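Asker: First the structure, which I've put down as structure tokens, then a few questions once you've had a look.
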Amino acid sequence: MPAAKKKPAPLHPAIAEVLLPDTQIKRRVKSLAREIKAVYGDQEFTIISLINGAVMFTSDLMREIDNPVRLDCIRVSSYGTKTKSIGTPQIIHSLTLDIKKRHVLLIDDILDTGKTLKLVGELVRKLKPASLRTCVLLDKKARREVDLEADFVGFEIPDKFVVGYGLDFAERYRNLRGIGVLRPDKQTAGAWATG
Ligand code: IMP
Ligand code: MG
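Next comes the structure, spelled out in structure tokens:
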């Protein structure tokens, strides 16, 4: 008899469904690093991480890569306490490194409407890098509003609001080891405080 598929351990009481347990994320981060290595060879490149969401992913991914790498971060305005992106994202804190004639890998946690990566991609391109590639852990293809695909994608996920492993709702849940769908009753301002 085939073994029943083991249900992933619960992440947190506010999580309705575990989408990606930490073991699965770890495996995929390693294989993504191999895909990236296959493209860059031994070349040096500059990682630009979009904070805060991409911190965990960036830190795990870059430790799987043995190329010489430089790291910089860009902070883009977030959702606040909403679960849908509204309006135009804004760059709140930009680069400090010079990326002219450098190979750049832009890393984000999730590609949703695509507005954030488009905005940051335009900024980076103006600084004349030698090349620009993009890497996202999650891709919510169903919600795309701009014509943009990432060069490296960890997982394609359904159109559900997810948290954990760097992804937040109103700055909460970033510290969960895995990624899960937030319970609908927790998707309102203040809901994290009520247990
Ligand atoms: P986009 O500009 O619509 O592509 O949105 C990208 C940004 O929205 C990401 O960097 C995330 O910070 C945030 N985001 C999109 N979907 C989710 C989600 O399901 N959970 C948490 N944050 C999300
Ligand atoms: Mg983000």
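Sequential numbering from 289 applies to the sequence shown in the numbering used here.
Ideal Cβ positions, reconstructed from N, Cα and C, are used throughout, including at glycine.
Note that the coordinates shown come from a computational prediction; the quantities given were computed from them, not determined experimentally.
Ignoring anything shorter than 4 residues, give me the alpha helix (DSSP H) runs that lie fully in the segment 305-381, in order along the chain.
Answerer: As far as the segment 305-381 is concerned, its whole alpha helix (DSSP H) runs of at least 4 residues are 310-328, 343-350.
Asker: From the DSSP secondary-structure annotation, give me the bridge partner or partners of V434.
Answerer: In the DSSP output, where bridge partners are listed per residue, V434 has none listed.
Asker: Just to confirm my understanding: we take R471, look at its own chain, exclude 5 residues before and 5 after, and list those with CB closer than 8 Å. What are they?
Answerer: Result list for R471: A302, I303, A304, in chain order.
Asker: Going by the DSSP bridge assignment, what does L415 pair with across the sheet?
Answerer: L415 pairs with nothing; no bridge assigned.
Asker: Any chance the CB of K428 is under 7 Å from a heavy atom of the ligand IMP?
Answerer: Yes, the ligand IMP has a heavy atom inside 7 Å of this Cβ.
Asker: Compute the Euclidean distance between the alpha carbons of Y328 and A321, then round it to the nearest angstrom.
Answerer: So the alpha carbons of these two residues sit roughly 10 Å apart.
Asker: What residue from P309, I353, L405, P298 has the CA that sits closest to S319's CA?
Answerer: Of the candidates P309, I353, L405, P298, the one whose C-alpha sits nearest the C-alpha of S319 is I353.
Asker: Taking 7 Å as the cut-off, does the CB of G375 come closer than this to any heavy atom belonging to the ligand IMP?
Answerer: Because no heavy atom of the ligand IMP lies under 7 Å away, the Cβ of G375 does not count as near it: no.
Asker: Taking 7 Å as the limit between beta carbons, can you name the residues of its chain near D439, skipping five residues before and five after?
Answerer: Only R421, T422, C423 meet the Cβ criterion.
Asker: I want to check one thing, is the minimum distance from the CB of F440 to the heavy atoms of the ligand IMP below 7 Å?
Answerer: Outside the cutoff, so no.
Asker: Examine the ligand IMP and report whether any of its heavy atoms sits within less than 7 Å of the Cβ of T401.
Answerer: Because some heavy atom of the ligand IMP lies under 7 Å away, the Cβ of T401 counts as near it: yes.
Asker: Could you name the residues that DSSP lists as bridge partners for F457?
Answerer: BP columns for F457 point to R460.
Asker: Specify whether the segment 344-352 and the segment 372-386 touch according to this definition: at least 3 beta carbon pairs, one from each stretch, less than 8 Å apart.
Answerer: Counting Cβ pairs under 8 Å, fewer than three are found: no touch.
Asker: According to DSSP, is P296 part of a helix, a strand, or is it coil?
Answerer: Looking at P296 - three-state DSSP - the assignment turns out to be coil, as it is neither helix nor strand.
Asker: Under a Cβ-count criterion, where at least 16 other Cβ atoms within 10 Å of its own Cβ denotes burial, should I380 be classed as buried or exposed?
Answerer: Flag for I380 reads exposed.
Asker: Measure the alpha-carbon distance for A477 versus V451 and round it to whole angstroms.
Answerer: Approximately 15 Å, taken between the alpha carbons.
Asker: Tell me whether T476 sits in a helix, a strand or coil according to DSSP, three-state version.
Answerer: Reduced to three states, the DSSP call for T476 is coil.
Asker: Roughly how many whole angstroms lie between the Cα atoms of D435 and G402?
Answerer: Approximately 8 Å between the Cα atoms of the pair.
Asker: Alpha carbon to alpha carbon, how far is L399 from D360? Give it in angstroms, no decimals.
Answerer: Straight-line Cα distance between these residues: approximately 19 Å.
Asker: Taking just the CA atoms, how far does D397 sit from L425?
Answerer: Their Cα atoms are separated by approximately 5 Å.
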